[in-house]
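Numbering (this note's numbering), first residue to last: 164 to 707. The C-beta atom is built at its ideal place from N, Cα and C for all residues, glycine as well.
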């Protein structure tokens with residue numbers, strides 16, 4: 164397997180100079196701002212669904228908002244190709260400036276964009292367009308930042324120094340949540356819901372100015388500068404990285420054995436956990452965000468701890484341990500979150516299970532492409548109503564031609580009855596299903612503890628990943644080579660996780676069934692990474 168040259172002679176392994184510490188700090192801080200830009204969309208997804216997808220039912224609008232969120236992830240690999248090529252040909256520093264400008268401008272204009280009520284269909288179309296701009300920018304940002312930092316770091320501390328770049332995604336989310344909580348508290352929920360949600364997007368303009376100033380103060384990567392002086396930069400980085408089998412094979416294995424699993428653990432443990440609290444368990448948004456913020460604050464130092472540990476024992480064992488833990492414990496952890504965050508829902512699910520009893524030929528997939536389709540059969544009417552109420556249900560087949568009914572405990576309701584739309588919510592409430600989580604019954608300590616465990620899994624798989632990817636590719640194609648598998652993994656496998664999980668839940672009626680998606684992907688990466696990817700901590704990446 165071809166990779167960067169193995170550890171060789173003359174490689175400095177001592178501490179970093181003041182200039183090198185400066186570039187680590189500056190590039191990390193600039194990247195925090197870019198992640199903030201990218202993730203405030205996901206954090207404010209409920210408000211964006213309300214204003215930009217108000218023409219469809221709320222639950223469908225939320226899924227559409229998630230898909231628009233995922234659109235930014237969908238184009239990240241294309242950003243990786245475009246800016247990876249530029250980074251390998253003209254330099255790391257100038258590529259930074261372009262990507263951050265695109266990100267900041269895209270975020271700022273989301274804050275100014277009129278909603279569906281004003282612009283009609285043009286509003287969600289422009290929103291998706293701005294998300295695509297953000298995705299392209301982030302596709303070029305991460306690979307450059309990781310490469311830039313790694314090429315400045317001493318060889319025996321590369322995992323430690325690149326782990327600071329790994330903290331930036333979580334710190335960007337942390338910054339987004341903290342600012343949103345502060346603005347909501349000061350403004351009040353009504354004003355924030357009306358227009359205050361736009362402020363975090365507009366603040367991106369300020370962060371853009373700061374980011375440009377930070378990046379302008381940096382020098383070019385010494386490895387790239389030396390390649391340029393010696394005329395060894397690649398003239399065809401994409402062809403070299405992906406058109407030559409030895410390098411393409413590394414990219415494929417890095418995708419399926421590392422970045423895909425890392426992505427689903429990252430987005431499952433942070434973003435989906437937030438959505439699960441607010442959308443499924445009906446925990447008040449501010450309460451959920453506070454618990455997530457605390458878990459992130461307590462978990463973030465472990466990025467640096469595991470990055471430093473990877474310099475001693477290797478990247479591979481730490482990342483694979485994270486995959487294994489997620490695969491084995493995701494189901495019990497999310498069930499535990501239900502137990503501690505909404506015990507009444509857990510009790511109702513156990514005491515009064517809901518069943519849809521219907522002819523299977525009348526039942527169709529519950530996630531629709533446009534949100535305008537009509538559920539006309541009794542089975543579809545019953546399932547659609549339960550999905551809208553966020554109620555867990557099971558399906559039981561009935562003989563052909565049997566009218567569909569919903570059974571709650573021992574009570575049965577005909578799905579074709581004229582009063583079904585009113586009778587079902589009343590019956591659900593009567594059997595103990597809460598409309599929302601009771602703040603007085605939430606076990607805040609245990610819920611936050613479980614959220615913290617999910618963040619620890621994130622730090623295991625994410626802290627060493629930058630060093631691992633950088634070390635797999637030679638210097639002349641490093642930016643391109645590592646960026647594409649990273650952004651396919653995180654953009655497609657991770658970015659589509661919230662929408663995919665919610666669609667699976669809507670289709671099956673089981674609030675936990677969507678977890679099979681991250682569990683299966685983590686299991687795949689565990690096997691592929693263990694069997695086919697090498698340990699790289701002793702690779703000398705400064706050989707050109």
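| query | result |
| --- | --- |
| Can you give the Cα-Cα distance for residue 341 and residue 407, rounded to whole angstroms? | 46 Å |
| Only counting runs of 4 or more residues, tell me where the alpha helix (DSSP H) segments fall wholly within the region 490-559, in order along the chain. | 506-514, 541-551 |
| Would you give the residue range spanned by the alpha helix (DSSP H) that residue 575 belongs to? | Element bounds for residue 575: not the alpha helix (DSSP H) but the beta strand (DSSP E), 574-577. |
| Please classify residue 184 as buried or exposed, where buried requires at least 16 other C-beta atoms within 10 Å of its C-beta. | exposed |
| Just confirm the distance between the C-beta atoms of residue 521 and residue 541, as a whole number of angstroms; I'd bet it's less than 8 Å. | 6 Å |
| Extract the residue ranges of the beta strand (DSSP E) inside the region 336-405, only unbroken runs of 3 or more that lie entirely within it. | none |
| Going by C-alpha distance, which of 413, 369, 499, 584 is nearest residue 644? | 413 |
| If you measure between the beta carbons of residue 227 and residue 219, is that distance less than 8 Å? | yes |
| What does a CB cutoff of less than 6 Å around residue 404 pick up in its chain, not counting 5 residues either side in sequence? | 410, 640, 643, 644 |
| Taking all protein chains shown into account, decide if residue 182 is buried (16 or more other Cβ within 10 angstroms of its Cβ) or exposed. | exposed |
| According to the neighbour-count rule (16 or more other Cβ atoms, all chains shown, within 10 Å of its Cβ), is residue 701 buried or exposed? | exposed |
| Rounding to the nearest angstrom, what Cα-Cα distance links residue 459 and residue 519 in this structure? | 39 Å |
| For residue 256 and residue 383, I'd like the C-alpha separation in whole angstroms. | 6 Å |
| So what does DSSP say about residue 570, is it helix, strand or coil? | strand |
| Give a yes or no on whether the C-beta atoms belonging to residue 263 and residue 375 are separated by under 8 Å. | yes |
| Can you tell me whether residue 238 is helix, strand or coil according to DSSP? | coil |
| Can you tell which of 348, 269, 301 has its C-alpha closest to the C-alpha of residue 367? | 269 |
| Just checking my contact of residue 428 with residue 691 at CB under 8 Å: how many whole Å lie between their CB atoms? | The pair is not a contact, with the Cβ atoms about 15 Å apart (cut-off 8 Å). |
| How far does the alpha helix (DSSP H) with residue 214 in it reach, from first residue to last? | 208-215 |
| Just confirm the distance between the C-beta atoms of residue 295 and residue 339, as a whole number of angstroms; I'd bet it's less than 8 Å. | With 8 Å as the limit, residue 295 and residue 339 do not qualify as a contact, their Cβ atoms being about 20 Å apart. |
| Using a Cβ-Cβ cut-off of 8 Å (strictly less than) and excluding sequence neighbours within five positions of residue 525, which residues of its own chain qualify? | 540, 541, 542, 543, 567 |
| Can you give me the start and stop residues for the alpha helix (DSSP H) that residue 639 sits inside? | Per DSSP, residue 639 belongs to no alpha helix (DSSP H) and is neither H nor E. |
| Tell me where the alpha helix (DSSP H) around residue 474 begins and ends. | 464-476 |
| CA-CA distance, residue 208 and residue 395? | 46 Å |
| Taking the alpha carbon of residue 595 as the reference point, which residue from 564, 347, 554, 631 has its own alpha carbon closest? | 554 |
| Just how far apart, CA to CA, sit residue 576 and residue 502? | 28 Å |
| Should residue 472 and residue 481 be called a contact, given that it needs their Cβ atoms to be closer than 8 Å? | yes |
| Can you tell me which of 678, 571, 499 puts its alpha carbon nearest to the alpha carbon of residue 613? | 499 |
| Using the Cβ count rule (16 or more neighbours within 10 Å means buried), how would you classify residue 582? | exposed |
| Considering residue 274, what are the terminal residues of the alpha helix (DSSP H) in which it resides? | 255-275 |
| Rounding to the nearest angstrom, what Cα-Cα distance links residue 251 and residue 637 in this structure? | 11 Å |
| For the region 585-593 and the region 444-458, state whether three or more C-beta atom pairs, one from each stretch, are separated by less than 8 Å. | no |
| Residue 676: which of 666, 684, 386 sits nearest, CA to CA? | 666 |
| Taking Cβ to Cβ, would you say residue 324 is nearer than 8 Å to residue 316? | yes |
| Which partner residues does residue 446 have in the DSSP bridge list? | DSSP output for residue 446 lists no bridge partner at all. |
| Hey, how far is the Cα of residue 485 from the Cα of residue 305? | 21 Å |
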